[in-house]
Structures are given as structure tokens and as C-alpha cells.
Amino acid sequence: MTLYKIFSLFLRTAGTNIAGGYALAAPLRKVLAEGDGAAMEAERYEHCATVAKAMPGVFSINLCTLLGRELHGKAGSLAAVGGLLLPPFIIMVFIAGLFGDVRTQPQMAAFLRGVRPAIIALLVIPVARTLRHTSITLANVWLPIGAAVAICLLGLPPFLIVLGIIIPGLLYGFFIKPNE
177 MTLYKIFSLF LRTAGTNIAG GYALAAPLRK VLAEGDGAAM EAERYEHCAT
227 VAKAMPGVFS INLCTLLGRE LHGKAGSLAA VGGLLLPPFI IMVFIAGLFG
277 DVRTQPQMAA FLRGVRPAII ALLVIPVART LRHTSITLAN VWLPIGAAVA
327 ICLLGLPPFL IVLGIIIPGL LYGFFIKPNE
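Residue 177 is where the sequence shown starts when you use the numbering used here, and the numbers rise one by one after that.
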């Protein structure tokens, strides 16, 4: 299976699946592991789905990463995840473009100022619960602190922070190969 086919397959499947997550598993199984031109055996698909469920993180991304790797190695993983994430990325760019105009309205600006404490609480409470059960060191806390500083002090938009974290993370995972 070519990288283009992998990308377009995951793009079509993710683009037509509104529910995401676990709802994505059945259409992918039907396309990849059932029928005459199946790209993989049903048992192999089930193995990938089981491992994706056991992995921490977002199930749909885990599943697409594993299936893409099964189909065409690391490049297949990138193609599959790219196809999965392109539709929501386009929607978010569109919404972000509209948001710039909306947030200048006085009512929306007041709403956003009022929501900030709730958002901070939604972020701090899970972190505080996690701190009780883990050992936090400078090696694993610099990323969230750096993101907070970049947003609060430098005024960078959060989507740039996310991209700035994803790209080095992918490069690290694919080229440095930790624990291998």
C-alpha cells in the first residue's frame, strides 16, 4: 500500500467520522481487514486495536499510528496520522480565523476574561491529583512551565505552542529512538 493510499484512506475515514475515537475503529477495520482486497489480516488489525487501547493517550491517534506502521513502517504512521488529523486541523484553522473577529466584541471579551479562572482550575486540578502519585522532577516539568511562560509572558498563541511541541516530539521519536 502506497503512502498516498494510506493518507487518503485515513483522510476519508476520519473525514466522514464525526464521533472519532472508538467509533473510528469499525470503519477502519472494514476498510483494512475485511473483504477481498484487505490490506492486513483481521487478527493483525485486532492486535493493533488492542495495543492502541492499552497505550496512554488518544485512542484514535494510537490506532492510526500502529496501523500506519503496520502498513508501511514509520512513514505509514505519519501518513495515517496526517490523514486523521487534517480534517480537524482545517476546521480549527477556520474557527481560529473567525475567532479573531469575535473576541474583539465587548461581550465576548468579557466572557473570555470570566472563563479564564475556570480554565486554569480545569488544568490545575488534574495536575495536583497527578502530583500526589508521581515524582515530578525538572526533567519532566520544563515543558508545561515553558508553555505557560510562552503564553503568559510572550503572548504566543497556544496553537503555536502545540505545533512547537509536536514537531520536536515527532523528530525525537523518529530519529533519536528512545529506549531502543
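Heads up, the beta-carbon is just placed ideally off N, CA and C, and yes, glycines get one too.
Note that the coordinates shown come from a computational prediction; the quantities given were computed from them, not determined experimentally.
- Item | As assigned by DSSP and simplified to three states, the class of Ser311 | coil
- Item | For Met284, three-class secondary structure by DSSP | helix
- Task: Taking only the alpha-carbon atoms, compute the straight-line gap between Thr367 and Lys229 and give it to the nearest angstrom.
- Result: The structure shown does not extend to residue 367, since the chain spans only 177 to 356, so no value can be given for it.
- Cβ of Ala285 within 8 Å of Cβ of Phe183? no
- contact_flag[the segment 259 to 267, the segment 190 to 203] where n(CB pairs < 8 Å) is 3 or more: Touching, yes, given that three or more Cβ pairs across the two stretches are closer than 8 Å.
- Close beta carbons around Leu332, own chain, < 6 Å, minus the five adjacent residues each side: Ala326
- Message: If I follow the unbroken alpha helix (DSSP H) through Ile182, where does it start and stop?
- Response: 179 to 191
- By a C-beta neighbour count over all protein chains shown, 10 Å radius and 16 as the cutoff for buried, is Glu217 buried or exposed? exposed
- Task: Using a threshold of 8 Å, state whether the C-beta atoms of Cys240 and Phe186 are closer than that.
- Result: With contacts defined by Cβ atoms closer than 8 Å, Cys240 and Phe186 form a contacting pair.
- Of the residues Gly211, Ser253, Asn238, the one placed nearest Leu179, counting alpha carbons only: Ser253
- Message: So, at 8 Å on beta carbons, what are the nonlocal neighbours of Val257 in its own chain, with the 5 sequence-adjacent residues on each side left out?
- Response: Phe186, Ile237, Cys240, Thr241, Gly244
- Task: Could you tell me which of Tyr221, Tyr198, Leu247, Ala251 sits nearest to Gly233, measuring between CA atoms?
- Result: Tyr198
- Query: Cβ-heavy atom distance between Gly331 and the ligand MN below 7 Å?
  - Reply: As far as ligands go, the structure on display features none, and thus does not contain the ligand MN.
- Item | Residue range of the unbroken alpha helix (DSSP H) whose run includes Gly211 | Element bounds for Gly211: n/a, residue is neither H nor E.
- Query: Can you name the start and end residues of the alpha helix (DSSP H) that Tyr221 belongs to?
  - Reply: 218 to 230
- Under the three-state reduction of DSSP, which class applies to Leu346: helix, strand or coil? helix
- Beta carbon of Ala297 nearer than 8 Å to that of Leu247: no
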